[in-house]
Amino acid sequence: NKKFKMTAQKTLDITQQLREKYKAITYNRSDCSYLSDEQFSEAPQVIDALKSVFPQSLDIDSSRKSKAFNSAKVTAHTAIIPTASVPDVNALSTDERNVYLAIAQHYLVQFMPEKAYQEVSVAIQCGDESFYARARKTTDSGFEAFLGAETTDEGESEDNDDSAFELLCKIRTGETLTTKEVIVNEKKTTPPPLFTEASLLAALVRVADFVTDPTIKKLLKDKDKDKKDEHGGIGTPATRAAILETLKKRNYITLEKGKLIPTDTGYALIDALPGIAVNPDMTALWSEKQTAIENGDLTVEEFINELYGELTGMISDVDLGEMKIEPAAPAGQFQRLDSPCPSCGKHIVIRPKGYFCTGCEFKIWSEFSGKKITQAQAEKLVKSGKTDLIKGFKKKSGGTYDTVLVLEDKKTGKLGFPARAKK
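Heads up, the sequence shown is in full-length UniProt numbering, so the first residue is 1 and it goes up one at a time.
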């Protein structure tokens with residue numbers, strides 16, 4: 001998804017083709033990252049077959065056993081790897097070739113030298129405060145030379161340049177240094193980034209991390225305690241891609257520039273459903289019931305009857321008449337203001353609760369001082385910094401008055417009245 005911008009469903013479909021049509025890879029509906037010891041013994045045959053795809057000289061040693069080969073950590077299925085039935089890559093479609101080569105490359109690096117580097121870390125005491133610095137210097141790129149820049153994950157820093165490494169190496173234990181300057185950087189916390197398909201799929205594996213209720217968090221983690229690649233997740237490797245596609249087809253989410261954006265329909269659905277249906281609680285509680293069935297403390301019939309009663313109650317609680325959904329935007333798009341964000345220049349999307357920038361923290365809430373902010377008024381605020389005259393603001397002492405609204409802060413979207421506007 002990150003490298004080729006493929007959706008999860010498309011990737012699944014392509015791997016299905018590679019497995020069924022070409023017999024080129026192992027079972028593809030797996031999220032396990034480990035291989036069996038038996039597969040290690042079969043490695044020389046597979047490596048030899050892959051020479052037709054990678055004719056260049058590679059530092060591969062079939063006797064080199066990486067940590068990926070561990071039968072004890074294999075779940076229902078092993079990691080996805082190429083088979084000895086190597087297809088003619090030139091006969092594959094571009095997408096098929098990209099996916100197949102990615103699988104083959106990640107298999108071959110298991111038999112290549114590891115990356116070697118030197119690392120220096122420094123701890124400095126200044127008064128009552130401690131400061132730390134660290135730098136790395138690569139001495140042998142190892143398998144990274146084969147994979148290239150792909151090996152650096154999001155959020156993971158690359159090696160420092162040699163000058164930083166050499167500078168820290170000059171500091172000696174116990175040495176006294178002089179503080180020449182103190183610089184305080186002003187920063188603001190930012191909201192979590194929007195999900196991509198790749199990051200959302202990774203999050204579905206560890207949903208327990210997002211749960212605050214300690215009981216539900218424990219139930220989710222206990223559910224997956226014997227699964228090496230699941231950490232309190234929802235869904236399965238075989239169903240998660242289909243779940244994302246269903247959400248898109250039903251217009252609950254849209255995809256823009258690789259980011260997943262909830263639609264007004266999606267917001268309305270969440271607002272209408274009972275809390276237990278939109279939180280991971282249901283998965284956790286059902287898992288607990290299944291454990292009770294396994295232990296003989298609950299029968300299947302009792303569970304089904306209990307489940308039927310709960311679901312019937314939920315359905316009756318959902319009043320579809322309260323789901324007020326704005327007209328849907330054209331397929332593949334979402335409603336937004338014509339004017340760009342005054343702070344960062346990105347699009348401002350229209351949501352039930354207000355107008356939100358897609359690139360920064362700017363937002364205008366849908367209500368201010370008891371008055372609904374219309375789309376036309378929001379356009380005026382964003383474009384010129386103030387609305388036309390708005391009638392009917394209520395006074396605390398009774399009665400009403402007419403005034404305009406002004407945009408007091410272009411960075412946050414804070415609104416106010418003319419008398420309080422910033423100069």
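Glycine included, each C-beta is placed from N, C-alpha and C at the ideal position.
| request: Report buried or exposed for A24, applying the criterion of at least 16 other Cβ atoms within 10 angstroms of its Cβ. | output: Taking the first residue of the sequence shown as 1, we reach residue 24 at position 24. By the Cβ-count criterion, A24 is buried, with 16 or more other Cβ atoms from all chains shown falling within 10 Å of its own Cβ.
| field | P82 in three-state terms, based on DSSP | value | Numbered from its first residue, the sequence shown carries residue 82 at position 82. It is a strand residue.
| Secondary structure at I25, three-state DSSP: helix, strand or coil? | Translated into positions along the sequence shown, residue 25 becomes position 25. Of the three classes helix, strand and coil, the one that applies to I25 here is strand, per DSSP.
| query | Any contact of the stretch 44-63 with the stretch 2-9, i.e. 3+ C-beta pairs under 8 Å? | reply | no
| field | Cβ pair count under 8 Å reaching 3, the stretch 334-354 against the stretch 292-301 | value | no
| said: Across the stretch 193-204 and the stretch 259-276, are there enough close Cβ pairs to call them in contact, namely three or more that are closer than 8 Å? | reply: yes
| query | So, is Y308 buried or exposed, given that buried needs 16 or more other C-beta atoms within 10 angstroms? | reply | Along the sequence shown, read from residue 1 onward, the residue named residue 308 stands at position 308. Exposed, because fewer than 16 other Cβ atoms sit within 10 Å of the Cβ of Y308.
| Simplified DSSP assignment, three categories, for Y117 | Position 117 of the sequence shown, counting from 1, holds the residue named residue 117. Three-state result, Y117: strand.
| Ordered along the chain, which non-local residues of its own chain (more than five positions away) have a Cβ less than 7 Å from that of T236? | Taking the first residue of the sequence shown as position 1, residue 236 is located at position 236. Taken in chain order, the list of residues that qualify is empty.
| Beta-carbon spacing of K372, I390 below 8 Å | Residue mapping note: residue 372 aligns to position 372 of the sequence shown, counting from 1. Residue mapping note: residue 390 aligns to position 390 of the sequence shown, counting from 1. Contact: no.
| query | Are the C-beta atoms of T403 and some chain B residue less than 8 Å apart? | reply | Although the question refers to chain B, the structure presented lacks it and comprises just one protein chain.
| Residue span of the beta strand (DSSP E) that contains T254, given as start and end | Position 254 of the sequence shown, counting from 1, holds the residue named residue 254. Its beta strand (DSSP E) spans residues 253-256.
| said: Would N28 and I80 qualify as a contact pair, given that the criterion is a beta-carbon distance under 8 Å? | reply: For the purposes of this step, residue 28 is taken as the residue at position 28 of the sequence shown. For the purposes of this step, residue 80 is taken as the residue at position 80 of the sequence shown. Yes, the pair counts as a contact, with Cβ atoms nearer than the cut-off.
| task | Tell me whether the beta-carbon of Y34 lies closer than 8 Å to the beta-carbon of K73. | result | Taking the first residue of the sequence shown as position 1, residue 34 is located at position 34. Taking the first residue of the sequence shown as position 1, residue 73 is located at position 73. Yes, Cβ-Cβ distance for Y34 and K73 is below 8 Å.
| message | To the nearest angstrom, how far is the alpha carbon of L220 from that of R351? | response | Counting from one through the sequence shown, the residue named residue 220 turns up at place 220. Counting from one through the sequence shown, the residue named residue 351 turns up at place 351. Computed Cα separation, rounded: 32 Å.
| field | Endpoints, alpha helix (DSSP H) assigned at K221 | value | On the sequence shown, residue 221 is found 221 positions in, with the first residue counted as 1. Residues 214-223.
| query | With a CB to CB cut of under 8 Å and the five nearest residues on each side skipped, what residues in its chain are close to P411? | reply | Along the sequence shown, read from residue 1 onward, the residue named residue 411 stands at position 411. The sequence shown places Lys at residue 411, not Pro. S343, C360, E361, F362, listed in sequence order.
| task | Mind the definition here: the stretch 199-216 touches the stretch 168-176 only if three or more C-beta pairs lie below 8 Å; say whether that holds. | result | no
| field | the stretch 118-135 / the stretch 82-96 touching (three or more Cβ pairs under 8 Å) | value | no
| said: For G354, list the residues DSSP reports as bridge partners. | reply: Position 354 of the sequence shown, counted from the first residue, corresponds to residue 354. For G354, which the question treats as bridged, DSSP gives the partners R351, W365.
| said: Taking the beta strand (DSSP E) that F393 belongs to, which residues open and close that run? | reply: Here residue 393 is taken as the residue at index 393 of the sequence shown, counted from 1. Residues 390-394.
| Once you ignore the five residues that flank residue 427 on each side, which residues in its own chain have a CB closer than 8 Å to its CB? | For residue 427 there is no data in the structure shown, the boundaries of the chain being 1 and 423.
| query | What's the call for Q125, buried or exposed, on a 16-neighbour Cβ count within 10 Å? | reply | Within the sequence shown, the letter at position 125 stands for residue 125. So Q125 counts as exposed.
| field | Element boundaries [alpha helix (DSSP H), containing Y34] | value | Counting from 1 along the sequence shown, the entry for residue 34 is found at position 34. That residue, Y34, is in no alpha helix (DSSP H); it is neither H nor E in DSSP.
| said: What does DSSP give as the partner residue(s) for S130 in the beta ladder? | reply: Locating residue 130 in the sequence shown gives position 130, where the first residue counts as 1. BP columns for S130 point to Q125.
| Does DSSP put T291 in a helix, a strand or coil? | Along the sequence shown, one-based indexing puts residue 291 at 291. Helix.
| query | So, are the CB atoms of C383 and L405 less than 8 Å apart? | reply | Here residue 383 is taken as the residue at index 383 of the sequence shown, counted from 1. Here residue 405 is taken as the residue at index 405 of the sequence shown, counted from 1. Rather than Cys, the amino acid found at residue 383 in this sequence is Lys. Contact flag unset, no.
| What is the rounded straight-line gap between the Cα of K395 and the Cα of S369? | What you label residue 395 is simply residue 395 of the sequence shown in a count that begins at 1. What you label residue 369 is simply residue 369 of the sequence shown in a count that begins at 1. Distance from the CA of K395 to the CA of S369, rounded to the nearest whole angstrom, comes to 10 Å.
| Hey, how far is the Cα of K346 from the Cα of E379? | Stepping through the sequence shown from its first residue, residue 346 is reached at position 346. Stepping through the sequence shown from its first residue, residue 379 is reached at position 379. Looking at the two C-alpha atoms, the distance is approximately 14 Å.
| query | When the Cα of G313 is compared with those of E301, A104, L273, K51, which residue comes out closest? | reply | Your numbering for residue 313 matches position 313 in the sequence shown. Cα-wise, what sits closest to G313 is L273.
| task | Report buried or exposed for L407, applying the criterion of at least 16 other Cβ atoms within 10 angstroms of its Cβ. | result | Within the sequence shown, numbered from 1, the residue matching residue 407 stands at position 407. It is buried - the Cβ of L407 has at least 16 other Cβ atoms within 10 Å.
| task | Could you have a look at V406 and say whether DSSP puts it in helix, strand or coil? | result | Residue 406 sits at position 406 when you count from the first residue of the sequence shown. In this structure, V406 counts as strand in the three-state DSSP scheme.
| message | If distances are taken between C-alpha atoms only, which option among Y401, I171, T15, T189 comes closest to V99? | response | Taking the sequence shown and counting its residues from 1, the one referred to as residue 99 is at position 99. Checked all of Y401, I171, T15, T189; the closest Cα to V99 is T15.
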